[in-house]
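Quick mapping for you: the protein sequence lines, in order, are chains A and B. So the working numbering is basically just the index in the first sequence, starting at one, shifted up by 7. So the working numbering is basically just the index in the second sequence, starting at one, shifted up by 21.
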Amino acid sequence: MSSSAQTILDVRDLHTHFFLRRGVVKAVDGVSFTLRKGEVLGLVGESGCGKSLTALSVMRLLPKGAARTVQGEIVLDGENILKRTPAQMREIRGRKISMVLQDPQTSLNPVFSIGDQLREALLRRGPAKLKEIMKQAVAALRRVDIAAPEQRIGQYPHQMSGGMKQRVVGAIAISGEPEVLIADEPTTALDVTIQLQYLKLLKRLQRENGMAILFITHDFGVVARMCDRVAVMYAGRIVECGPVKQIFEAPSHPYTRALIASVPKMSGTRGRLTAIDGQPPSLMDLPVGCRFASRCAHVEQRCLEAYPGTTQIGADHTADCWKIGSI
Amino acid sequence: MAVVDRPQSALPAAADTPRPFWRSLLTLRGGAGVRRTARVPWIPIVIISVIVVMAVFAPLLAPHSPIDQTLRDKMLPPAWMDGGKAKYLLGTDHFGRDILSRLIHGARVSLLVALLALTAGGGVGLLIGIVSGYVGGKVDAVLMRLVDAAFTFPAILFALLLAVTMGQGLGTLVIAISLLLWASFARVIRGEVLALRQRDFVALAKVRGCSTLRIMLTHILPNVLNTFMVLVTLNIGVVIIAEASLSFLGAGIPPPTPTWGLMISEGRGRIAEAWWVALIPGIAITLLVLSVNLFGDWLRDRLDPRLRQL
Chain A
8 MSSSAQTILD VRDLHTHFFL RRGVVKAVDG VSFTLRKGEV LGLVGESGCG KSLTALSVMR
68 LLPKGAARTV QGEIVLDGEN ILKRTPAQMR EIRGRKISMV LQDPQTSLNP VFSIGDQLRE
128 ALLRRGPAKL KEIMKQAVAA LRRVDIAAPE QRIGQYPHQM SGGMKQRVVG AIAISGEPEV
188 LIADEPTTAL DVTIQLQYLK LLKRLQRENG MAILFITHDF GVVARMCDRV AVMYAGRIVE
248 CGPVKQIFEA PSHPYTRALI ASVPKMSGTR GRLTAIDGQP PSLMDLPVGC RFASRCAHVE
308 QRCLEAYPGT TQIGADHTAD CWKIGSI
Chain B
22 MAVVDRPQSA LPAAADTPRP FWRSLLTLRG GAGVRRTARV PWIPIVIISV IVVMAVFAPL
82 LAPHSPIDQT LRDKMLPPAW MDGGKAKYLL GTDHFGRDIL SRLIHGARVS LLVALLALTA
142 GGGVGLLIGI VSGYVGGKVD AVLMRLVDAA FTFPAILFAL LLAVTMGQGL GTLVIAISLL
202 LWASFARVIR GEVLALRQRD FVALAKVRGC STLRIMLTHI LPNVLNTFMV LVTLNIGVVI
262 IAEASLSFLG AGIPPPTPTW GLMISEGRGR IAEAWWVALI PGIAITLLVL SVNLFGDWLR
322 DRLDPRLRQL
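Written out as structure tokens, the structure reads:
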């Protein structure tokens with residue numbers, strides 16, 4: 008346990024596949040990462056690379072029937088939660104691990120007041136008097152910067168703005184004081200000014216609670232603001248992982264480089280944005296070699312023949328590429 | 022009219038506090054008063070109320086006994102026609118029973134059957150729809166095949182079969198009509214639940230650690246109640262027609278208890294000499310079903326979440 012004292016969530020070689028009639032879609036295919044206590048780990052990648060499915064696998068809330076985790080370990084606070092029963096998972100969810108989703112419009116039940124929805128979450132801490140719970144609910148709303156929480160508590164979701172709803176969702180998510188919060192693109196549906204506000208709020212809550220956040224996004228600007236470390240995902244695998252500063256200043260994997268190069272810059276000469284040519288490989292028919300090989304500028308024979316192992320670059324910086332150091 | 026002159030923002034404080042459910046049913050304009058909703062169907066509401074009052078206070082309102090025969094006064098036309106007696110406002114049937122009194126007492130049976138059948142059939146349909154839609158998988162497949170089977174079975178035939186095996190009576194009638202209703206309820210509710218299940222608040226309820234049962238009861242059920250209410254009002258007409266048809270066919274309530282369907286059935290043979298015996302309950306059924314349907318249509322528009330959201 009000594010090595011995991013710092014690690015709160017350790018995902019090892021996770022494989023989550025969709026089993027369809029047409030074949031097997033390997034949406035998450037060998038993902039490993041660790042999340043340390045109190046840190047924010049960004050998980051970035053393009054649409055469909057398996058970010059959200061990784062999150063759902065960790066929560067064990069995969070779409071019923073279609074997707075299944077076939078291999079790997081998810082060690083949360085020292086225990087492999089893949090071995091837990093559904094009833095035990097219900098105990099773990101909300102208390103140890105919680106989640107915020109992308110769309111605040113559908114994240115709240117439209118027929119209940121937000122007070123009732125907060126109460127449902129707060130009651131899980133243990134039985135308490137109604138008055139006490141209501142007090143806690145007001146405090147929870149105040150914590151997420153909702154003005155006049157006493158009035159707001161009786162309101163329904165349709166009476167609130169998107170940013171406010173997302174803050175309420177946040178209040179509900181952290182009401183069980185989880186150690187890990189998975190934030191799946193929580194600011195994508197908010198407008199830019201509200202985004203900044205929400206990110207600041209998340210950061211503050213994270214510091215106050217000392218919880219770790221797995222922050223899923225495709226926005227490098229958000230990564231720079233929020234995260235301590237970042238993991239870059241491509242076609243179902245993490246291709247590079249390291250401290251934010253290093254990833255931005257010295258990206259090692261060709262995909263990470265291409266991704267950072269494609270981010271529009273505020274300064275310097277204006278010109279066409281750099282794009283990555285080609286398409287990611289089909290998740291139903293993955294190549295044996297490196298998954299980025301077909302789009303990579305530095306591709307050579309061995310890239311096509313075998314998947315590169317994980318190379319240690321810095322103390323805390325890894326990448327999956329054959330040509331680390333030579334490009 | 023005065024309604025037009027009323028200022029548009031008549032309710033400044035109303036936006037902050039949610040108005041009770043029944044208020045939104047009564048007001049002519051929804052929300053902040055900008056959007057115009059369909060006019061409140063006052064005429065259907067009045068007709069429904071009159072029939073409900075008739076049913077509830079039948080023994081107090083009926084001028085005569087609905088069962089006692091006065092053979093001297095048989096087949097008298099309504100009071101306003103030649104040969105009619107003021108004593109019998111809507112005339113009498115071939116046993117000399119007062120049609121108005123039978124109509125009033127008959128409303129009781131029709132509405133009671135509607136209430137019981139909708140509670141039983143609708144309730145079962147609601148339950149099966151939620152379980153089927155939410156649990157999904159094999160449970161869903163089995164339940165939906167049951168629903169398909171229920172749809173293929175001719176309901177009237179089934180009711181006749183029940184009447185033969187179990188004997189006539191209120192219980193048989195309610196069971197028969199419930200069997201006719203549950204499948205359509207289940208199918209509509211399931212469709213609604215399938216959409217609701219995908220919403221993020223259900224996923225977040227799981228994140229919070231809610232059990233399947235709790236999610237079905239506290240998150241899914243309240244969200245389908247609007248649909249359920251509308252289904253109920255739209256099906257009241259179906260039930261009353263079914264009750265009338267079954268009574269007409271002799272599979273419903275046994276005579277001499279008056280029901281509207283039975284009254285039509287009894288008057289059918291003598292329609293040439295005494296048309297009022299069959300026509301008056303026929304008009305009553307038409308009025309009630311039409312009113313209930315108009316009311317149901319309005320309620321559906323009124324409760325439509327897409328309109329309500331704005």
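Every residue, glycine too, gets a C-beta built ideally from N, C-alpha and C.
Residues in its own chain within less than 7 Å of Thr280(B) by CB, not counting five upstream and five downstream? Closer than 7 Å at the Cβ level, and outside the excluded window around Thr280(B), lie Gly127, Val130, Ser131, Glu264, Ser268, Gly273, Ile274.
With a threshold of 16 other CB atoms inside 10 Å of the CB of Arg211(B), please say whether the residue is buried or exposed.
With 16 or more other Cβ atoms within 10 Å, it is buried.
- prompt: Looking at C-alpha atoms only, which residue of Arg150(A), Gln286(A), Asp110(A), Leu212(A) is the closest neighbour of Val47(A)?
  reply: The shortest Cα separation from Val47(A) among Arg150(A), Gln286(A), Asp110(A), Leu212(A) belongs to Leu212(A).
Do Ala73(A) and Phe26(A) have their CB atoms nearer than 9 Å?
-> Yes, these two residues count as a Cβ contact at 9 Å.
| For Phe172(B), does the count of other Cβ atoms within 10 angstroms reach 16, so buried, or fall short, so exposed? | With fewer than 16 other CB atoms across the displayed protein chains lying within 10 angstroms of its CB, Phe172(B) is exposed.
Nearest to Arg218(B) (by Cα), restricted to the options Leu242(B), Ala162(B), Val67(B):
That would be Leu242(B), whose Cα lies nearest to the Cα of Arg218(B).
Practice task
From the DSSP output, in three-state form, read off Leu49(B) for me.
Solution key: Unreliable placement is indicated for Leu49(B), whose pLDDT of 47 sits below 50; no coordinate value is reported for it.
Of the choices Arg29(A), Gly49(A), Arg19(A), whose alpha-carbon is the least far from that of Asp235(A)? Considering only Arg29(A), Gly49(A), Arg19(A), the residue with the shortest C-alpha distance to Asp235(A) is Gly49(A).
Checklist line | chain A residues whose Cβ lies nearer than 9 Å to that of Gly157(B) | finding: Under the 9 Å cutoff, chain A gives Lys71, Gly72.
Checklist line | Own chain, CB closer than 6 Å to Asn314(B), minus 5 neighbours either side, in chain order | finding: Only Gly258 meet the Cβ criterion.
(Q) Starting from Met218(A), trace the alpha helix (DSSP H) in both directions and tell me its first and last residue. (A) Looking at the DSSP string, Met218(A) is not in any alpha helix (DSSP H), and its letter there is neither H nor E.
task = Compare the C-beta of Asp37(B) against all C-beta atoms of chain A and say whether one is closer than 9 Å.
result = Any reading at Asp37(B) needs caution, since the residue's pLDDT is 48, under 50, leaving its predicted position unreliable; the model's value is listed next. Yes, Asp37(B) counts as interfacial toward chain A.
Does the stretch 49-62 of chain A come within contact of the stretch 90-100 of chain A, defined as at least 3 CB pairs closer than 8 Å?
-> Below 8 Å, too few C-beta pairs join the stretch 49-62 of chain A and the stretch 90-100 of chain A to call them touching: fewer than three.
Exercise for review: Run the CB neighbour count on Leu311(A), radius 10 Å, all protein chains shown included, and call it buried at 16 or more, exposed below.
Suggested key: With fewer than 16 neighbouring CB atoms inside 10 Å of its own CB, Leu311(A) falls in the exposed class.
Inset, instruction - Taking Ser105(A) as part of the beta strand (DSSP E), name the residues at either end of that continuous run. - result: For Ser105(A), the enclosing beta strand (DSSP E) has its first and last residue at 104-107.
* Asked: With 9 Å set as the bound, which would you pick, yes or no: does the beta-carbon of Ala53(B) sit closer than that to a beta-carbon of chain A?
  -> Below a pLDDT of 50, predicted positions are generally treated as unreliable, and Ala53(B), at 45, falls in that range; the measurement from the model is reported next regardless. Cβ-Cβ to chain A under 9 Å: no for Ala53(B).
Could you tell me the distance, in whole angstroms, from the CA atom of Lys90(A) to the CA atom of Thr61(A)? Cα to Cα, the separation comes out at about 17 Å.
Quick one: Cα of Arg19(A) to Cα of Gln13(A), how far? Distance between Arg19(A) and Gln13(A), taken at the CA atoms: about 16 Å.
request  = Report all residues from its chain with a CB closer than 8 Å to the CB of Ile262(B); omit the five preceding and five following residues, and keep chain order.
outcome  = Result list for Ile262(B): Ile306, Val310, in chain order.
query = Under a three-way DSSP split, which group does His324(A) fall into?
reply = Three-state result, His324(A): strand.
Which partner residues of Arg236(A) appear in the DSSP bridge assignment? Looking at the DSSP assignment, Arg236(A) forms a beta bridge with Leu48(A), Pro250(A).
Item checked: Contact test: Met66(A) Cβ vs the ligand FMN heavy atom, cutoff 8 Å -> As for the ligand FMN, it is missing from this structure, which has no ligand bound.
For Gly170(A): DSSP bridge partner residues: For Gly170(A), which the question treats as bridged, DSSP gives no partner whatsoever.
Q. Would His115(B) count as contacting chain A if we go by Cβ distances under 9 Å?
A. Nearest CB-CB separation between His115(B) and chain A: not below the 9 Å threshold.
Using the C-alpha atoms, what's the distance from Leu197(A) back to Gly6(B)?
This structure gives no information on residue 6(B), because the portion of chain B shown stretches from 22 to 331.
Give the interface partners of Asp110(A) over in chain B, defined as CB-CB distance under 7 Å, in chain order. The contacting residues are Asp221.
**Request:** Below 6 Å CB to CB, which residues in the same chain sit around His114(A) once its five sequence neighbours on both sides are set aside?
**Result:** The residue you asked about is not His; residue 114(A) is Ser in the sequence shown. Within the same chain, Leu108, Val176 come within 6 Å of Ser114(A) by CB-CB distance, once the 5 residues on both sides are set aside.
Please identify the residue among Glu247(A), Lys138(A), Pro271(A) whose C-alpha is closest to the C-alpha of Pro315(A).
Considering only alpha carbons, the answer is Glu247(A).
- Task: Out of Gln90(B), Arg118(B), Glu213(B), state which residue places its alpha-carbon closest to the alpha-carbon of Pro99(B).
- Result: The option with the nearest alpha carbon to Pro99(B) is Arg118(B).
Which one or two residues does DSSP pair with Gly408(A) in a beta bridge?
-> Residue coverage of chain A in this structure runs from 8 to 334, which leaves residue 408(A) outside it and unanswerable.
Task: For Arg321(B) and Ser199(B), the rounded distance between their alpha carbons - done: Approximately 22 Å between the Cα atoms of the pair.
Under the rule that 16 or more other beta-carbon atoms within 10 Å means buried, what is Gly143(B), buried or exposed? Classification for Gly143(B): buried.
For chain A, find out if any of its Cβ atoms is closer than 9 Å to the Cβ of Val163(B); answer yes or no.
Interface flag for Val163(B) against chain A is unset, since no Cβ pair is found closer than 9 Å.
Exercise for the section: Excluding the 5 residues preceding and the 5 following Asp327(A) in the sequence, name in chain order all residues of the same chain whose CB lies nearer than 6 Å to its CB. Expected result: Same-chain partners within the cutoff: Val246, Pro315, Thr317.
Ile179(A) versus chain B: which residues are under 8 Å apart at the beta carbon?
-> Result: Leu225, Arg229.
| said: Measuring only the C-alpha atoms, how far is Ile292(B) from Leu124(B)? | reply: Spanning the two alpha carbons is a distance of roughly 17 Å.
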